[in-house]
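**Q** After the structure tokens below, expect a handful of questions from me.
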Amino acid sequence: MSHSTEDSDRRDFLRRMLGISGMAAMTVISPSAFASTAVLVKGVHLSESGGKTRVIFDLSGPVQHSLFTLSHPDRVVIDFDNARAAGAMRFASSPLVRDIRHAARGRSDLRVVLDLKADADASSFLVKPGRGSRNYQVVVDLSAVSVGKPQPVITAAQAQPQRPLRDVVICIDPGHGGKDPGAIGKRGTYEKTVVLDMARRLEALINREPGMQAFMTRKSDYFVTLRGRLAKARKHRADLFVSIHADASPYRYPKGSTVYVLSEHGASSEAARLLAERQNDVDRVAGVNLSNKDNLVASVLVDLAQSATREASFKLGDKLKGSIDRVIRMHSNTVERASFVVLKSPDIPSALVETAFISNPAEERRLRTPRFRANMAGALLGGVKDYFEHHAPPGTIFAERGRVLHEFG
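To convert a position in the sequence shown, counted from 1, into this note's numbering, add 605.
As structure tokens, then:
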């Protein structure tokens, strides 16, 4: 990145403090990119918890699946794409599930039917290996539907509608653009061009992941101000902000990748700006309007949000660094801190990645290759996923997966 161009320039945290979260039954469709060979359904087992039945299918790999229910008689149908059963599926009868049967569907798919003893609500999701399981798993949750039975008395709070689980939202920021080319390599490689390609690849990868959604601050070669990039992230209610760049140096020998998060000085200056401008309602922190708060309250709100966001940003940066290091050696073995404007959102964990040195001839050649840009996009995806698997916002599909793994794993 050309530092002379950029250097000048969790809303969720406070919501969690206020206890605002949502939980609902979910049906998640699994990833869309899979191996060509058929996935094996290796086994199935049941568990009971809190009056609900959980049916767990152990798989040899990730699989796309769909689920629906039928009546008269009551049953749940799960269709696995490009899959086959490794053997017979058996389990002891449960209070809700009477039997299980399966058969090939079409030329390559597998249909599994759960025969029920009563009508039930059903949802499903995919769990990848880890946290107690060596296999991919499709988990089907069943809850009997009570008909004609007296309903328990519930409180007003319990009667509130539950919010549906949502995707985590990632803002991808390709540096520079338009009249601002960023750094330019000796072979005429423009930073703005290679980082846009990496951003597009990362966006496509993220949008293929269940429970994740991405958008970019710019989709083609046009200029967006630094503050404009932050505004787009806040408009889309982003949970993370990842800015992609290519480093530059006056010398030819520096090489490798670096991950930056906001420095303490950058946070302090941004806090001062927010507090100075709050009378005009220029900025909100975690959705809270600062313009009607006195100096002390506003200062505390900003400080709380920034502290949580800076900690989360460092965790994000650490996950990104560990993933990137498998693609290209790190220029810095630590997560660095800087005052880049694009890192200054007080309530969105943010990181800036210098993917390689465009001023280094060997790394410029790598940046020009689709293979390296694809590998870097994959590494960024890995870091983002790793972060959310440990620090997902409440009310998201990722957070529910973590809760399920903790309770049943």
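The C-beta atom is built at its ideal place from N, Cα and C for all residues, glycine as well.
1. If I measure Cβ to Cβ from Ser699 and keep anything under 6 Å in the same chain, skipping five residues before and after, which residues do I get?
2. Should the region 769-776 be called in touch with the region 994-1002, which here means at least 3 C-beta pairs below 8 Å?
3. Given this structure, state the Cα-to-Cα distance separating Val940 from Val743, to the nearest angstrom.
4. In the DSSP assignment, what are the bridge partners of Gln742?
5. Can you tell me whether Met821 is helix, strand or coil according to DSSP?
6. Can you give the beta carbon distance from Ala838 to Phe846, rounded, assuming they're within the 8 Å contact cut?
7. In three-state terms, what does DSSP make of Asp714?
8. What is the DSSP secondary structure of Ser944, counted as helix, strand or coil?
9. Residue ranges of each alpha helix (DSSP H) run of no fewer than 4 residues wholly in the region 827-868, ordered along the chain?
10. Which of the three DSSP states is assigned to Met803 in this structure?
11. Which two residues bound the contiguous beta strand (DSSP E) that contains Asp684?
12. Do Arg739 and Arg978 come within 8 Å of each other at the CB atom, strictly closer than that value?
13. Between the Cα of Val864 and the Cα atoms of Ala819, Phe919, Thr914 and Ala853, which residue gives the shortest distance?
14. Starting from Leu957 and walking both ways along the beta strand (DSSP E), at which residues does that stretch end?
15. With the cut-off set at 8 Å, would you say Ala809 and Ile963 are in Cβ contact?
16. Answer yes or no: the CB of Ala688 versus the heavy atoms of the ligand NAD, is any distance below 7 Å?
17. Quick one: give me the first and last residue of the beta strand (DSSP E) that Leu770 is part of.
18. Among Asp930, Glu968, Ser676 and Ala851, which has the Cα closest to the Cα of Lys722?
19. Measuring straight from C-alpha to C-alpha, what distance separates Val732 and Asp826?
20. Report the rounded CA-to-CA distance for Leu715 versus Arg834, giving the unit in angstroms.
21. List the endpoints of the continuous beta strand (DSSP E) containing His677.
22. Taking the beta carbon of Arg842 as the centre, do at least 16 other beta carbons fall within 10 Å, making it buried, or is it exposed?
23. Pull up the CB-CB distance for Leu719 and Val799, whole angstroms please, since I reckon it's below 8 Å.
24. Short of 6 Å in beta carbon distance, which residues of its chain neighbour Glu1005, apart from the five on each side in sequence? Order them along the chain.
25. Can you tell me whether Ser937 is buried or exposed, with buried defined as 16 or more other CB within 10 angstroms of its CB?
26. Ignore the nearest five residues each way along the sequence and tell me which others in Ile933's own chain have a CB closer than 7 Å to its CB.
27. Tell whether a beta-carbon distance below 8 Å holds between His707 and Asp684.
28. Sort out for me which residues DSSP pairs Leu747 with in a bridge.
29. Pro779: buried (16+ other C-beta within 10 angstroms of its C-beta) or exposed?
30. Is the beta carbon of Glu969 less than 8 Å from the beta carbon of Thr822?
31. Just to confirm, is the Cβ distance from Leu747 to Ala727 under 8 Å?
32. Taking the C-alpha atoms as reference points, what is the distance between Pro975 and Gly983?
33. Taking the alpha-carbon of Ala643 as reference, which of Ser729, Asp704 and Ala709 has the nearest alpha-carbon?
34. For Tyr856, count the other beta carbons within 10 Å of its own beta carbon; 16 or more makes it buried, fewer makes it exposed. Which is it?
35. Which term fits Thr830, buried or exposed, when burial requires 16 or more other beta carbons within 10 angstroms of its beta carbon?
36. The beta strand (DSSP E) with Arg689 in it runs from where to where?
**A** For this structure:
1. Excluding positions up to five away in sequence, the list reads Leu651 and Thr658.
2. Cβ pair count under 8 Å is three or more, so yes.
3. Taking the straight line from one Cα to the other gives about 36 Å.
4. According to DSSP, residue pairing for Gln742 in a beta bridge involves Asp663 and Val732.
5. Correct three-state label for Met821: strand.
6. By a beta-carbon distance limit of 8 Å, Ala838 contacts Phe846. Their separation comes to about 5 Å.
7. Strand, per DSSP.
8. Judged by DSSP in its simplified three-state form, Ser944 adopts coil rather than helix or strand.
9. Residue ranges of uninterrupted alpha helix (DSSP H) with 4 or more members, entirely inside the region 827-868 and ordered along the chain, are 831-840.
10. Collapsing the DSSP output to three states places Met803 in a helix.
11. Unbroken beta strand (DSSP E) run through Asp684: Arg680 to Phe685.
12. Note that the C-beta distance between Arg978 and Arg739 is not below 8 Å.
13. Relative to the Cα of Val864, the nearest Cα in the group Ala819, Phe919, Thr914 and Ala853 belongs to Phe919.
14. Unbroken beta strand (DSSP E) run through Leu957: Ser955 to Phe962.
15. The Cβ atoms of Ala809 and Ile963 do not sit closer than 8 Å to each other.
16. As for the ligand NAD, it is missing from this structure, which has no ligand bound.
17. Counting along the chain, Leu770 falls outside any beta strand (DSSP E), and DSSP gives it neither H nor E.
18. Relative to the Cα of Lys722, the nearest Cα in the group Asp930, Glu968, Ser676 and Ala851 belongs to Ser676.
19. Each residue's alpha carbon lies about 38 Å from the other.
20. Using only the alpha carbons, I get a separation of about 46 Å.
21. Where His677 is concerned, there is no enclosing beta strand (DSSP E), given that its DSSP letter is neither H nor E.
22. Looking at its Cβ environment, which holds fewer than 16 other Cβ atoms inside 10 Å, Arg842 is exposed.
23. Incorrect: roughly 50 Å between the Cβ atoms, too far for contact.
24. Sequence-distant Cβ neighbours of Glu1005 in its own chain, meaning closer than 6 Å and more than five residues away, are Leu770.
25. It is exposed - the Cβ of Ser937 has fewer than 16 other Cβ atoms within 10 Å.
26. Counting only Cβ-Cβ distances below 7 Å, and skipping sequence neighbours, we find Gly861, Ser862 and Ala961.
27. No, the Cβ-Cβ distance between His707 and Asp684 is not below 8 Å.
28. Note: Leu747 sits in a beta bridge opposite Thr658 and Ala727.
29. With at least 16 other beta carbons inside 10 angstroms of its own, Pro779 counts as buried.
30. Contact check for Glu969 against Thr822 fails: the beta carbons are separated by 8 Å or more.
31. Yes. Within cutoff.
32. Going by the C-alpha atoms only, they are around 12 Å apart.
33. Nearest Cα to Ala643 within the set Ser729, Asp704 and Ala709: Ala709.
34. Its Cβ having fewer than 16 others within 10 Å, Tyr856 is exposed.
35. Exposed, because fewer than 16 other Cβ atoms sit within 10 Å of the Cβ of Thr830.
36. For Arg689, the enclosing beta strand (DSSP E) covers residues Ala688 to Ala690.
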